[in-house]
Amino acid sequence: MNSTETKQSVAPATVDQDERIQRVSFWKKALNRPELGALAGAVLVLAFFIAASSGTGMFTPAGIINFLEVAAQLGIIATAAALLMIGGEFDLSIGSMIGLAGILIAIPAVEYGWPLWAAILLAFACAGLVGWINGNLVNKTGLPSFIVTLGFLFILRGLAIGTSRLLTGRTQVGGVQDHIPGDWFAALFSGEVATGLFSWMAANGWMATNFAGNPTVTGIPVSIVWWLGLTAVATWVLLCTPYGNWIFASGGDANAARNSGVPVHRVKISLFMFTAFSATIFACIQVMDTGSADTIRGLLKELEAIIAVVIGGALLTGGYGSAIGAALGALIFGMVQMGIFYTGVNTDWFQVFLGVMLLVAVLFNNYMRKKAMEAK
Amino acid sequence: MTARTPMIEMRSVSKHFGSVIAISDISMQVYSGEVMCLLGDNGAGKSTLIKTLSGVHQPTHGEMLLDGKPARFKSPAYALDAGIATVFQDLAMVPLMSITRNFFMGREPTVGWGPLKRIDWKYADRVAKEEMAKIGIDVRDPSQPVGTLSGGERQCVAIARAVYFGAKVLILDEPTSALGVKQASVVLRYIAKARADGLAVIFITHNVHHAYPVADAFTLLSRGGSLGSFRKEEVSREEVLNMMAGGAELESLDAELAEFQRDDKAKKASLADQDTQPADETGSTEPPSPRTASGY
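Going down the list, the sequences are from chains A and B. To get the working numbering, take the position in the first sequence, counting from 1, and add 1356. To get the working numbering, take the position in the second sequence, counting from 1, and add 527.
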């Protein structure tokens, strides 16, 4: 209070420009954004691999699509995990939900002759139910979501294995690819987009072609479109809509939010449902891509998603973070995973790098939050 | 005065938590354009009473009337919609969120239609800044986190928010308790302004010196029950103070203090006689402490 008063007396306000606000540079403003750390990290990792992997083909169109696809798959669940973490909760059941959703798509379609769209809708319905139960348990019991969803990590994985073995006698179900052609709903999760653009670019000589004259990259995989689309929508929701404000409020201080009329319970339930839906989208893309489902799919994905979100600048305690940050976190993840492969470093080291990245990100975020809360 | 309908009225309201009777048989009327001071010691039931008024708790017995009509609030959201705004001690603010985001939390102004419906940030920022300016707080940047504001400024954001959203009844839970003298006077002045604007204000405090200048009436709570409501004309500051602390307790305190003073005088006199004596009467500095501990 005192310091501002003295400033006032030194420089009396003459224009409508508030004299107490320094001209904040673009950079200083950027420093207060949660995704800054992730952006810096992404640029660093990119620069490193551009230098380290020269001549290995990582940054040819095909290589780029490769690591973007890895990033995209993780990014889809990371976006939902980011919203949930900003809303103050975790979902450790994402990975198991991926496995279960895959089984729920493959078994009805392959074993019982359901049309694929119906099987996918069944998976989404079950995911919605799981998310709803997760959210209600957390709301009603007040238990940490860590514990509740840890329970579901095992329940869902066990359900996937048990159901699959009971109905088919196996834990892997193949043959889904035969059902994809002609299914309007499955088309949303399979194949590539902008194939015309790529062949046109190849025809004009703007892109390398293989011996048959086809472009080396035939299109953008649908997973990348989902990733970018979900990130854009989540960012819009967070920054521009009342619902986004409620997510921040629910995670920042649930009690304060409730006293201000925010429907905290509904917000949390919807966020848990969204993470389960995102796991199902992940599973759909994976099942369509590989043509099979496996009960063991999605193992540890929940932790990878949390890593991406935290690298993206979200606070584990909730109320702070961004969807763009989560996307950048996923991008770093994809670049490192594929970069290590391309540069020929033993892939065992990937996990070491991941752990170090996570710690550095958390320390950086902690520091930045303290800076942000200091009076400017 | 009697012809008017109270803006909010409680008729023998009780609230039990299991076997604990938090408040019992409380009746109170608050009129528009008046400040009702709710006074009481710690544990008197002030918090439970306002939480019942604001919809956090539902009364176990009794009824509440808003503008003459029976009212029952399932949650704080319903009370807010009915025009009862409460500024809790914790202020219902999220420190990591900006002033504007906090100001409009739960009631965001939107533009656009359908899926493109979005928060009107330009309007929201301007309103937040204007409303704060009205109560004499010049916000530098409405997008700065609330966590960077001082306690008094935060209090004012909370009150300004309540008033802006068309509150008919404004409930303030100890708004001045954590503030310095200057900041407290800002808040008190604002309470007086809210009264002049025709709001019914319920002002919870245990500081009579803050309560007396702005109050029109007092309701005293003690151990979950009401000691009654008094118009300001009927009671003096000392009487209010007496009732609050329990008159007998305060009298005995006075007597004790007088006793200490006499001791002091005697000691000083004896010291003056033989000033070679080492000074070891540190105990004599303690007597004022009961006064501060009694909570006013």
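For every residue, glycine included, the Cβ atom is placed at its ideal position computed from N, Cα and C.
Discussion item. So, under 8 Å CB-CB, G1685 of chain A and M1414 of chain A are touching, yes? Tell me the CB distance rounded to an integer number of Å.
Written reply: No, G1685 of chain A and M1414 of chain A are not in contact; Cβ-Cβ is about 20 Å, not under 8 Å.
Worksheet item: Does V1618 of chain A have its Cβ less than 7 Å from a Cβ in chain B?
Response: Flagged as an interface residue toward chain B: V1618 of chain A, by a C-beta distance shorter than 7 Å.
Fill in: Residues bridged to H588 of chain B [DSSP beta-bridge criterion]
DSSP output for H588 of chain B lists B:S541 as bridge partner(s).
Worksheet item: Would DSSP call P1598 of chain A helix, strand or coil?
Response: Three-state result, P1598 of chain A: helix.
Discussion item. Counting only C-beta atoms, is V621 of chain B closer than 7 Å to chain A at any point?
Written reply: At least one chain A Cβ lies under 7 Å of V621 of chain B.
Worksheet item: Is the CB-CB distance between I1442 of chain A and I1603 of chain A below 7 Å?
Response: Their beta carbons are under 7 Å apart, which means I1442 of chain A touches I1603 of chain A by this criterion.
Worksheet item: What do you get for N1733 of chain A, buried or exposed, if any count of 16 or more other CB atoms within 10 angstroms of its CB means buried?
Response: No information on residue 1733 of chain A is available, as it lies outside the stretch 1357 to 1732 that chain A covers here.
Discussion item. 7 Å is my cut-off, CB to CB: does I548 of chain B come that close to chain A?
Written reply: With 7 Å as the cut-off, I548 of chain B does not count as an interface residue toward chain A.
Item to complete: For the segment 592-641 of chain B, list the alpha helix (DSSP H) runs that are entirely contained and at least 4 residues long, ordered along the chain.
Response: Contiguous alpha helix (DSSP H) elements confined to the segment 592-641 of chain B occur at 603-608, 626-630, taking only those with 4 or more residues.
Worksheet item: Which of the three DSSP states, helix, strand or coil, is assigned to T746 of chain B?
Response: Shown here, T746 of chain B sits in a strand according to DSSP, grouped into three states.
Practice prompt. Leaving out five residues on either side along the sequence, give the residues of the same chain with a beta carbon under 8 Å from the beta carbon of E813 of chain B.
Written response: Confidence at E813 of chain B is low in this model, with a pLDDT of 43, below 50, so its placement is unreliable and the value that follows should be read with caution. Nothing meets the Cβ criterion.
Discussion item. Closer than 8 Å is the cut-off here; do at least three beta carbon pairs connect the segment 1662-1673 of chain A with the segment 1402-1420 of chain A?
Written reply: As far as the Cβ criterion goes, the segment 1662-1673 of chain A does not touch the segment 1402-1420 of chain A, which means the pair count is below three.
Practice prompt. Keeping to the same chain, check which residues put their C-beta closer than 8 Å to that of S541 of chain B; ignore five residues upstream and five downstream.
Written response: Setting aside the 5 residues that flank it on each side, S541 of chain B is surrounded in the same chain by I548, I550, S551, D552, I553, P586, T587, H588, G589, each with a C-beta closer than 8 Å to its C-beta; the list follows chain order.
Practice prompt. Using DSSP bridges, identify the partner residues of Q682 of chain B.
Written response: DSSP lists no partner for Q682 of chain B.
Practice prompt. Under the assumption that V666 of chain B contacts I626 of chain B (Cβ atoms under 8 Å), give the Cβ distance between them as a whole number of angstroms.
Written response: Rounded, the Cβ-Cβ distance is 6 Å, consistent with contact.
Worksheet item: In chain order, what residues of the same chain lie with their CB nearer than 7 Å to the CB of E658 of chain B, ignoring the 5 residues before and after it?
Response: Answer for E658 of chain B: A687, Y691, listed in chain order.
Item to complete: Can you have a look at A1704 of chain A and say buried or exposed, based on whether 16 or more other CB atoms are within 10 angstroms of its CB?
Response: Reading off the sequence shown, one finds Asp at residue 1704 of chain A, where the question assumed Ala. Per the 10 Å Cβ criterion, exposed.
Worksheet item: Any beta-carbon of chain A closer than 7 Å to the one on I646 of chain B?
Response: Chain A contact via Cβ: present.
Discussion item. Rounded to the nearest angstrom, what separates F1502 of chain A and D781 of chain B at their Cα positions?
Written reply: Spanning the two alpha carbons is a distance of roughly 56 Å.
Practice prompt. Using the Cα positions of V1623 of chain A and F1567 of chain A, report the straight-line distance between them to the nearest angstrom.
Written response: Rounded to whole angstroms, V1623 of chain A to F1567 of chain A spans 54 Å at the Cα level.
Worksheet item: Which of helix, strand or coil does DSSP assign to W1528 of chain A?
Response: Note that residue 1528 of chain A is Gln in the sequence shown here, rather than Trp. Assigned with DSSP and collapsed to three states, Q1528 of chain A falls in strand.
Item to complete: Examine the Cβ distances between the segment 1626-1639 of chain A and the segment 1651-1665 of chain A and report whether three or more of them are shorter than 8 Å.
Response: Yes, the segment 1626-1639 of chain A is in contact with the segment 1651-1665 of chain A.
Worksheet item: Is the beta carbon of T1651 of chain A sitting closer than 7 Å to the one on T1527 of chain A?
Response: The answer is yes: Cβ separation under 7 Å.
Item to complete: Give the interface partners of F1604 of chain A over in chain B, defined as CB-CB distance under 8 Å, in chain order.
Response: By Cβ distance, chain B contributes V621, L623, M624, R628.
Discussion item. Taking 6 Å as the limit between beta carbons, can you name the residues of its chain near W1337 of chain A, skipping five residues before and five after?
Written reply: Beyond the ends of chain A as shown, which are 1357 and 1732, falls residue 1337 of chain A; an answer cannot be given.
Worksheet item: Using a C-beta cutoff of 7 Å, does P603 of chain B count as contacting chain A?
Response: Yes, its Cβ sits closer than 7 Å to a Cβ of chain A.
Discussion item. Distance cutoff 7 Å, beta carbons only. Does D1645 of chain A sit that close to anything in chain B?
Written reply: D1645 of chain A has a beta carbon lying at 7 Å or more from every beta carbon in chain B.
Fill in: Interface flag, S541 of chain B vs chain A, CB-CB below 7 Å
The beta carbon of S541 of chain B does not come within 7 Å of any beta carbon belonging to chain A, so the residue lies off that interface.
Practice prompt. Can you pull the chain A residues whose beta carbon is under 7 Å from the beta carbon of E635 of chain B, in chain order?
Written response: Near E635 of chain B (Cβ distances below 7 Å), the residues of chain A are P1598, N1601.
Worksheet entry | Closest residue to M1644 of chain A among A:M1453, A:W1562, A:L1544, A:G1677 (Cα-Cα distance) | Among A:M1453, A:W1562, A:L1544, A:G1677, the Cα nearest to that of M1644 of chain A belongs to A:L1544.
Worksheet item: Which residues in the same chain as W1488 of chain A place their Cβ atom closer than 8 Å to its Cβ, once the five residues preceding and following it in sequence are excluded?
Response: Excluding positions up to five away in sequence, the list reads I1625, F1628, M1629.
Discussion item. For T1587 of chain A, count the other beta carbons within 10 Å of its own beta carbon; 16 or more makes it buried, fewer makes it exposed. Which is it?
Written reply: Result: buried.
Worksheet item: Candidates B:P597, B:Y558, B:T613, B:S539: which alpha carbon is nearest G693 of chain B's?
Response: It is B:T613.
Practice prompt. Could you give the DSSP three-state label for A705 of chain B: helix, strand or coil?
Written response: The answer is coil: DSSP assigns A705 of chain B none of H, G, I, E or B.
Practice prompt. Can you check the segment 555-585 of chain B for any beta strand (DSSP E) of at least 3 residues that lies completely inside it and give the ranges in chain order?
Written response: DSSP runs (the beta strand (DSSP E)) wholly in the segment 555-585 of chain B: 561-567.
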